[in-house]
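Here our numbering = 1-based position in the sequence shown + 50.
What follows is one structure encoded as structure tokens, with my remarks underneath.
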Amino acid sequence: MAGPILEVENLSVDIPVPAGLLHPVQEVDFRVERGRTLAIVGESGCGKSLTSLALMNLLPPRARRTAGRLALDGEDLLGLSEREMSNLRGNRMSMIFQEPMTSLNPAYTVGDQLVEAERRHRRTSASQARDRATWLLEKVGMIGAQGRLRQYPHQLSGGLRQRVMIAMALMCEPDLVIADEPTTALDVTIQAQILHLLSDLQREFSTGLILITHDLGVVARLCDRVAVMYAGQIVEEGTARQIFRTPAHPYTRGLLDCIPIPGKTRRGEHLGTIAGIVPSLVGAMRGCHFADRCPHAEETCRSAPVAFRDGVETGHRYRCILAPDHGPDANGERNRANGRTNPE
51 MAGPILEVEN LSVDIPVPAG LLHPVQEVDF RVERGRTLAI VGESGCGKSL
101 TSLALMNLLP PRARRTAGRL ALDGEDLLGL SEREMSNLRG NRMSMIFQEP
151 MTSLNPAYTV GDQLVEAERR HRRTSASQAR DRATWLLEKV GMIGAQGRLR
201 QYPHQLSGGL RQRVMIAMAL MCEPDLVIAD EPTTALDVTI QAQILHLLSD
251 LQREFSTGLI LITHDLGVVA RLCDRVAVMY AGQIVEEGTA RQIFRTPAHP
301 YTRGLLDCIP IPGKTRRGEH LGTIAGIVPS LVGAMRGCHF ADRCPHAEET
351 CRSAPVAFRD GVETGHRYRC ILAPDHGPDA NGERNRANGR TNPE
């Protein structure tokens, strides 16, 4: 059996700030299988985007990345020089950024930018690269693809610009694609089209996909595995079915409880909330990062590091001292999760 396309062990990011040392990503571990989708979910500021930038080695100059292992299809990424990493980006691993208008160069046509992405990494002629660009624009659902190559980004709608970004990410048939909130700036109808397009293309090209999002409905429909992040750490990881049917970490349960259930949540009814605020990630932190907001927290949660423990099913793990079925509302929350979505 082939190994994972991406292996990440003990990944951390530290950034010096005036108040001290900021730790936005702390000891993150996960794997991505070829042809499978891993979702990284969590609220804004939890470290999702910085994790993706750390994988691509596109962090701000002052940021420092450390990891026990960071490998793409078995190749160690930590030992690569900047030139070697530049040859890898856009070739074997690509990224789709949140806002295509700021990612595409306004001074160049769509065709020029797609062709450049191909010719930067492969020995192809300009005509061959343009043929592939046209083919990919058609694959991502753009009508009149050949004419679109002559247009500039500002002449396209937000949805079309995002389709261009997806085509650009696939120009060199990468092993791994990272999509960082790819539908943030789009309306709901276009969001669904883009996400289903990503899913279809990922299966067709057998590409590993990391989807960074805060939309749990999207995760339930499209993703194989889910990693839930909170305050720089992954606090729970498992299959989509495990996360939605048997959430074990209090933060994951809180997120699920905040989502309205079609047909069950009545008009005017209060949605669930998570009390408290996210802790500061500047300086040393002890114990569970969620302890100050957790209704089940004990003194030991605040005094010592909290290791992962296994859930009820294989492949499900979470960072908490309590048993998987803890809490007085465990069954109720599990039933609400079942009513909310039905991941395969």
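For every residue, glycine included, the Cβ atom is placed at its ideal position computed from N, Cα and C.
Close Cβ partners of Glu188 (< 7 Å) along its chain, the five nearest in sequence each way excluded:
Counting only Cβ-Cβ distances below 7 Å, and skipping sequence neighbours, we find Ala195.
Hey, quick one: how far does the alpha helix (DSSP H) through Ala195 stretch, first residue to last?
Ala195 to Arg198
Taking the straight line between their C-alpha atoms, what separation do you get for Cys351 and Cys370?
Approximately 8 Å, taken between the alpha carbons.
Tell me which residue opens and which closes the alpha helix (DSSP H) that Ser294 is part of.
It should be noted that the sequence gives Phe, not Ser, for residue 294. Start and end: Ala290 to Arg295.
Span separating the alpha-carbon of Glu348 from that of Ala341:
8 Å
Going by alpha carbons, who is nearest to Met143 out of Asp181, Gln205 and Glu223?
Glu223
My assumption, with CB atoms under 8 Å, is that Ile244 sits in contact with Thr233. Please give the rounded CB distance.
5 Å
Taking Gly208 as the reference, give the member of Glu149, Glu363, Trp185 and Val227 with the closest Cα.
When the alpha-carbon of Gly208 is set against those of Glu149, Glu363, Trp185 and Val227, the nearest one is in Glu149.
Pop quiz: Ala117 and Val58 are said to be a contact at Cβ under 8 Å. What is the actual Cβ separation, rounded to whole angstroms?
Contact holds; Cβ gap of about 7 Å.
Using only the alpha-carbon positions, how far apart do Ile228 and Leu331 sit?
25 Å
Where do the ends of the alpha helix (DSSP H) carrying Gln76 lie?
No alpha helix (DSSP H) holds Gln76; the beta strand (DSSP E) holding it covers Gly70 to Val82.
Gln205 classed as buried or exposed, judged by whether at least 16 other C-beta atoms fall within 10 angstroms:
exposed
In chain order, which beta strand (DSSP E) runs of at least 3 residues are fully inside the region 232-277?
258-263
Would Asn107 and Met145 qualify as a contact pair, given that the criterion is a beta-carbon distance under 7 Å?
no
Quick one: grab the DSSP three-state call for Leu154.
coil
Which one of Val91, Asp79 and Leu72 has the shortest CA to CA distance from Val276?
Val91
Which class does Thr116 belong to by DSSP, given the choice of helix, strand or coil?
Thr116 carries a strand assignment under DSSP once its states are collapsed to helix, strand and coil.
Relative to the C-alpha of Thr364, which candidate in Arg291, Leu199, Asp250 and Leu266 has its C-alpha closest?
Arg291
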